[in-house]
Amino acid sequence: MLNTYRFDFLILCIGRYGVPKLPTFPHGRGPDAFRGRVLHSMEYSSMAHEDAAELVRGKRVAVVGAGMSAMDNRRSVRRGQRRYPCTMVYRSGHWMVDPKVAWRVNFFTFTSTRWTELMVDKPGEGFVLSLLATMLSPLRWVTSKVTEAYYKRSIPMREHGMVPDCGFGQASLGWRLGIGFYDRVDEGSIELRRCGSVSFCTDGLVLDAGGEGEDERVVGADVVILCAGFDIDRPLRDVFASPWFSEIVASGDDGGSAVLPLYRHCVHPRIPQMTVVGYAESGSSIYPYEMMAKWMAHLLDGAVRLPRVRDMERGVAEWARWGRWARRSSGRFFLKSCVASVTTWYHAGIQ
0 MLNTYRFDFL ILCIGRYGVP KLPTFPHGRG PDAFRGRVLH SMEYSSMAHE
50 DAAELVRGKR VAVVGAGMSA MDNRRSVRRG QRRYPCTMVY RSGHWMVDPK
100 VAWRVNFFTF TSTRWTELMV DKPGEGFVLS LLATMLSPLR WVTSKVTEAY
150 YKRSIPMREH GMVPDCGFGQ ASLGWRLGIG FYDRVDEGSI ELRRCGSVSF
200 CTDGLVLDAG GEGEDERVVG ADVVILCAGF DIDRPLRDVF ASPWFSEIVA
250 SGDDGGSAVL PLYRHCVHPR IPQMTVVGYA ESGSSIYPYE MMAKWMAHLL
300 DGAVRLPRVR DMERGVAEWA RWGRWARRSS GRFFLKSCVA SVTTWYHAGI
350 Q
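When we follow numbering that gives the first Met the number 0, the leftmost residue of the sequence shown carries the number 0, and every step to the right adds one.
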């Protein structure tokens, strides 16, 4: 039975990390070929502490991935069992910042200020700021290369094969490295396995190095945790019963769009009675989310008025053009609706 509720305004706070993304595997070499337990990081993280500890106790555990969820689950696995090392299987490293290393030099001044954002293109910035960003682009390149060299020298990522495929300046986001991560690798409680692709066999995982003439390697495991990310558009698409609403709000799920078509990353120009809070990504997402919530509260209070539909669509188009530029600059390392490189600019526009 369907229930009908009438309201004047709708606020969607459904996030982007609610639907797990599962990788595809060759026929006959998927999880069905494995005699152990396979689960997504979301399922493992939602377990009670006692159940999670019981699942991994005395078992060989492999974590597939090297992002933030992989790091978090690796720590949880080590707390649950210490008989076997935790194996991390990954295709490429990520820029993980060690807080002890980062605070030796105040890189915040070079990476997260209004001065820094003068060196990058921004949506709707105008001719003067665009020209200034172009003129300062060599300085941006030098800053990113110096930062990258400093981290490579201070963090033993090269020795352990964890150097990312992308440069520091290409990365949309960086994460915090777990305390003592490489110490755990050196002592043998964490084993790192880099590969081109992964599949399953009866006793664990089959790692393909990705090069011609390279032999496949087998990593024995009893439990495999897939940290393969999330289908970030799915929650927003599926919340609507109307295909039209789903299409215009969550368009671009095929990879053709770099940002959602939302004014201020909150309001669709054709649906002014609805806001989306908590979808855009940033280095520290709590700050833009707070700004969105405050802006929405002022909108409901009447202190802020929406522009005309035409003006809102013009603003959406400016962000779309910027998103295409950011995607070209970062390649496959760009995260959809990520405003990390222009967070201060976004905050200034939404105030």
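Each residue gets a CB set at the ideal place from its N, CA and C atoms; glycine is no exception.
For this session: Report buried or exposed for V88, applying the criterion of at least 16 other Cβ atoms within 10 angstroms of its Cβ.
Result: buried
Problem set entry | First through last residue of the alpha helix (DSSP H) which encompasses H48 | 48–55
Exercise. Going by Cα to Cα distance, which pick from S91, M291, A61 is closest to G166?
Worked result: G166 has its Cα closest to that of S91, out of S91, M291, A61.
Exercise. Does the segment 213–226 come close enough to the segment 59–72 that 3 or more CB-CB pairs lie under 8 Å?
Worked result: yes
For this session: Quick one: residues in its chain with C-beta nearer than 7 Å to the C-beta of S336, no 5 flanking neighbours on either side, listed in chain order?
Result: V258, L259, H264, Y278, A279, E280
For this session: Measure how close the beta-carbons of Q272 and F8 come, nearest whole angstrom, since I'm counting them as under 8 Å.
Result: 5 Å
For this session: Report the residue from M70, H346, V55, R327 whose alpha carbon sits nearest the alpha carbon of R183.
Result: M70
Problem set entry | Own chain residues within Cβ distance below 6 Å of G251, not counting five before or after | Any reading at G251 must be qualified, since the residue scores a pLDDT of 48, below 50, and its modelled position is unreliable; no value is offered.
For this session: State the DSSP-derived secondary structure class of M295, mapped to helix, strand or coil.
Result: helix
For this session: Apply the 10 Å Cβ neighbour rule to V119 and answer buried if 16 or more other Cβ atoms are within range, or exposed otherwise.
Result: buried
Exercise. Whose CA, out of N2, S44, W174, lies closest to the CA of A339?
Worked result: The candidate whose alpha carbon is nearest that of A339 is W174.
Problem set entry | Classification of D97 by the beta-carbon crowding that lies within 10 angstroms, buried from 16 upward | buried
For this session: Give me the Cα-Cα distance between Y150 and G123, rounded to the nearest whole angstrom.
Result: 33 Å
For this session: Report buried or exposed for C194, applying the criterion of at least 16 other Cβ atoms within 10 angstroms of its Cβ.
Result: buried
For this session: Identify every residue that forms a DSSP beta bridge with C85.
Result: Beta-bridge pairing links C85 to I189.
For this session: May I have the straight-line CA-CA distance separating F244 from V303, to the nearest angstrom?
Result: 25 Å
Exercise. According to DSSP, is C12 helix, strand or coil?
Worked result: coil
For this session: Can you give me the Cβ contacts of R157 inside the same chain, cut-off strictly under 7 Å, excluding the 5 residues immediately before and after it?
Result: Within the same chain, R157 has close Cβ partners K151.
Exercise. Going by DSSP, which residues form a beta bridge with H267?
Worked result: I270, per the DSSP bridge assignment.
For this session: State the Cα-Cα distance for the pair G14 and F239, rounded to the nearest angstrom.
Result: Each residue's Cα considered, the two are about 15 Å apart.
Exercise. Starting from R139 and walking both ways along the alpha helix (DSSP H), at which residues does that stretch end?
Worked result: 136–153
For this session: Could you give the DSSP three-state label for V18: helix, strand or coil?
Result: V18 falls in the coil class under three-state DSSP.
For this session: Assign D253 to one of two classes, buried (16 or more other C-beta atoms within 10 Å of its C-beta) or exposed (fewer than that).
Result: Here D253 scores only 44 on pLDDT, less than 50, and its place in the model should not be relied on; the value that follows carries that caveat. Exposed, by the Cβ-count rule.
Exercise. How about C199 and G29: do their beta carbons lie closer than 7 Å?
Worked result: For the record, residue 199 in the displayed sequence is Phe; it is not Cys. Yes, these two residues count as a Cβ contact at 7 Å.
For this session: Please go through the same chain and pick out, in chain order, the residues whose beta-carbon is closer than 7 Å to the beta-carbon of A25, but skip the five residues on each side of it.
Result: Contrary to the premise, residue 25 reads as Pro rather than Ala in this sequence. If we look at P25 and ignore the five residues flanking it on each side, its Cβ neighbours are S198.
Exercise. Whose C-beta lies closer than 6 Å to the C-beta of E215 among residues of the same chain, with five residues either side of it excluded?
Worked result: V205, D207
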